[in-house]
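Q:
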Amino acid sequence: MAKKLFDLTNKIAIVTGARRGIGRGIALMLAQAGAKVVVSDLNLEECQKVVDEIKKIGSDGLAVKCDVTNQKEVNEMIRKTIEKFGRVDILVNNAGIAPFKPFLEITEDEWNKVLDVNLKGYYLCAQAAAKEMIKNGWGRIINIASIAMGQVGFGFPNLTHYCASKGGIVAFTEALALELAPKGINVNAISPGVIATEMAKPVLEDEKTFKTILARVPKGRVGQPEDIAAAVVFLASEEADYITGATLVVDGGWLAG
Ligand SMILES: NC(=O)c1ccc[n+]([C@@H]2O[C@H](COP(=O)([O-])OP(=O)(O)OC[C@H]3O[C@@H](n4cnc5c(N)ncnc54)[C@H](O)[C@@H]3O)[C@@H](O)[C@H]2O)c1
Numbered sequence: 262m263a264k265k266l267f268d269l270t271n272k273i274a275i276v277t278g279a280r281r282g283i284g285r286g287i288a289l290m291l292a293q294a295g296a297k298v299v300v301s302d303l304n305l306e307e308c309q310k311v312v313d314e315i316k317k318i319g320s321d322g323l324a325v326k327c328d329v330t331n332q333k334e335v336n337e338m339i340r341k342t343i344e345k346f347g348r349v350d351i352l353v354n355n356a357g358i359a360p361f362k363p364f365l366e367i368t369e370d371e372w373n374k375v376l377d378v379n380l381k382g383y384y385l386c387a388q389a390a391a392k393e394m395i396k397n398g399w400g401r402i403i404n405i406a407s408i409a410m411g412q413v414g415f416g417f418p419n420l421t422h423y424c425a426s427k428g429g430i431v432a433f434t435e436a437l438a439l440e441l442a443p444k445g446i447n448v449n450a451i452s453p454g455v456i457a458t459e460m461a462k463p464v465l466e467d468e469k470t471f472k473t474i475l476a477r478v479p480k481g482r483v484g485q486p487e488d489i490a491a492a493v494v495f496l497a498s499e500e501a502d503y504i505t506g507a508t509l510v511v512d513g514g515w516l517a518g
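Quick note: the sequence shown uses the numbering used here, first residue 262, plus one each step.
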């Protein structure tokens with residue numbers, strides 16, 4: 262029989278920020294591809310609901326409360342994953358925040374909070390997960406960045422802290438890919454365009470901004486969590502073995518315009 266492509270049967274995946282939005286979409290599609298998925302976020306009950314959906318799909322999951330800025334909680338998430346499933350194969354760093362605010366009004370605490378969640382959190386989770394992946398000589402770390410990563414010919418005002426963090430994620434991804442390639446771990450980033458989630462509500466609910474965005478997107482629609490999830494499944498698969506240090510833009514053609 263022909264080999265099933267992009268098959269993740271029995272792979273163990275962790276998705277941060279997975280109670281809703283893009284993270285939830287990623288968790289569900291990884292499960293559809295056969296992975297067992299640790300659904301982690303700030304709210305345990307909402308993570309459990311996603312795990313219930315995963316079980317309906319026919320896979321297995323585990324809900325874990327984890328604030329990605331807290332090293333103790335991150336280590337505990339990895340410990341619980343090992344306890345239940347024995348391994349970590351795939352980490353999707355997805356948890357993020359994007360509080361719109363003019364640069365001149367951003368306080369030091371607000372700046373630190375965005376960089377802590379969006380950048381330090383990625384480091385803490387990647388380091389803890391990589392230590393486990395190395396034991397098996399195989400792993401995939403997938404970092405959700407954004408087209409707000411800089412150097413793309415398009416800027417995002419009122420999100421300076423967010424943009425700084427997302428640019429950092431791309432540089433982090435490239436450097437980490439170099440260090441982990443010899444250990445069998447691939448590290449890639451995905452940069453979504455505008456995706457219909459709670460985070461994007463401020464831009465999607467403003468009619469003028471919504472129309473301006475749609476006019477920029479050749480595909481003529483905003484993205485859905487599944488658009489990003491499909492890219493994650495691909496990068497997590499055996500078939501993506503030769504891809505590391507890359508940033509895959511999933512934006513309906515926005516940046517090509
Ligand atoms: N929606 C978009 O248009 C868009 C575009 C580009 C990139 N992204 C990125 O995609 C990722 C997911 O965003 P989304 O659109 O699904 O937003 P969302 O707000 O729906 O989901 C983000 C999740 O992260 C969780 N989270 C926040 N702080 C956390 C912390 N300290 N520890 C653990 N979890 C935490 C939230 O509870 C939430 O469930 C983010 O990294 C975001 O920057 C989103």
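Don't be surprised by glycine CBs; every beta carbon is placed ideally from N, CA and C.
#1: Please say whether L303 and A324 have beta carbons closer to each other than 9 Å?
#2: Assign L365 to buried or exposed, taking buried as 16 or more other Cβ atoms, counted over all protein chains shown, within 10 Å of its Cβ.
#3: Evaluate P486 with the Cβ neighbour count: other Cβ atoms within 10 Å of its Cβ, from every protein chain shown; 16 or more gives buried, anything less gives exposed.
#4: Closest to G286 by C-alpha separation, out of I318, L266, K265, M262, would be which residue?
#5: In terms of residues, what are the limits of the alpha helix (DSSP H) holding R340?
#6: Suppose the cutoff is 8 Å on Cβ atoms and the five residues either side in sequence are ignored; what does the same chain contact list for E500 look like?
#7: Return the first residue and the last residue of the beta strand (DSSP E) that V276 is part of.
#8: Roughly how many whole angstroms lie between the Cα atoms of T508 and E468?
#9: Under 8 Å from any heavy atom of ligand 1, does the C-beta of D302 make it?
#10: Kindly indicate the opening and closing residues of the alpha helix (DSSP H) around V493.
#11: Does the Cβ of N219 lie closer than 8 Å to at least one heavy atom of ligand 1?
#12: With distance defined between alpha-carbon atoms, name the residue in A288, V276, K310 nearest to G339.
#13: What does the alpha-carbon distance come out to for the pair T473 and M394?
#14: CA-CA distance, D502 and L437?
#15: Helix, strand or coil: which one does DSSP assign to R285?
#16: Taking the alpha carbon of N411 as the point to measure from, which residue in G454, G398, N447, K381 has its own alpha carbon closest?
#17: In terms of residue numbering, what span does the alpha helix (DSSP H) encompassing V375 cover?
#18: Return the chain-ordered list of same chain residues with a C-beta closer than 6 Å to the C-beta of D321, the five sequence neighbours on each side being excluded.
#19: How many Å lie between T342 and S407 at the Cα?
#20: Would you kindly work out how many angstroms separate the C-alpha atoms of K326 and S301, rounded to a whole number?
A: Let me lay it out:
#1: Here residue 324 refers to the residue found at position 63 of the sequence shown. Here residue 303 refers to the residue found at position 42 of the sequence shown. The answer is no: Cβ separation not under 9 Å.
#2: Looking up residue 365 in the sequence shown gives position 104. So L365 counts as exposed.
#3: Taking the sequence shown and counting its residues from 1, one reaches residue 486 at position 225. With 16 or more other Cβ atoms within 10 Å, it is buried.
#4: The residue you call residue 286 lines up with position 25 of the sequence shown. Closest option to G286, Cα to Cα, is I318.
#5: Residue mapping note: residue 340 aligns to position 79 of the sequence shown, counting from 1. Counting along the chain, the alpha helix (DSSP H) containing R340 begins and ends at 332 to 346.
#6: As a first step, residue 500 must be located in the sequence shown, where it is residue number 239. Result list for E500: L266, F267, in chain order.
#7: On the sequence shown, position 15 is the one that residue 276 refers to. From DSSP, the beta strand (DSSP E) with V276 extends over 273 to 277.
#8: For the purposes of this step, residue 508 is taken as the residue at position 247 of the sequence shown. For the purposes of this step, residue 468 is taken as the residue at position 207 of the sequence shown. In this structure, the straight-line span from the alpha carbon of T508 to that of E468 is close to 30 Å.
#9: Position 41 of the sequence shown, counted from the first residue, corresponds to residue 302. Short note on D302: C-beta closer than 8 Å to some heavy atom of ligand 1.
#10: The sequence position of residue 493 within the sequence shown is 232, counting from 1. Residues 486 to 497.
#11: This structure cannot speak to residue 219, because the chain is shown only from 262 to 518.
#12: Within the sequence shown, numbered from 1, the residue matching residue 339 stands at position 78. The amino acid occupying residue 339 in the given sequence is Ile; Gly does not appear at that position. The option with the nearest alpha carbon to I339 is V276.
#13: As a working note, residue 473 is residue 212 in the sequence shown. As a working note, residue 394 is residue 133 in the sequence shown. A direct Cα-to-Cα measurement between T473 and M394 gives close to 43 Å.
#14: For the purposes of this step, residue 502 is identified with residue 241 of the sequence shown, where counting begins at 1. For the purposes of this step, residue 437 is identified with residue 176 of the sequence shown, where counting begins at 1. Whole-angstrom Cα-Cα distance: 16 Å.
#15: Along the sequence shown, one-based indexing puts residue 285 at 24. Note: R285 maps to helix in three-state DSSP.
#16: Here residue 411 refers to the residue found at position 150 of the sequence shown. Strictly speaking, residue 411 in this sequence is Gly, with Asn absent from that position. Comparing Cα positions, the closest option is G454.
#17: Counted from its first residue, the sequence shown places residue 375 at position 114. Start and end: 369 to 376.
#18: As a position in the sequence shown, residue 321 is number 60, starting the count at 1. Once the five neighbours on either side are set aside, the close Cβ partners of D321 are K297.
#19: If you number the sequence shown from 1, residue 342 lands on position 81. If you number the sequence shown from 1, residue 407 lands on position 146. Spanning the two alpha carbons is a distance of roughly 27 Å.
#20: Along the sequence shown, read from residue 1 onward, the residue named residue 326 stands at position 65. Along the sequence shown, read from residue 1 onward, the residue named residue 301 stands at position 40. When rounded, the distance between both Cα atoms is 6 Å.
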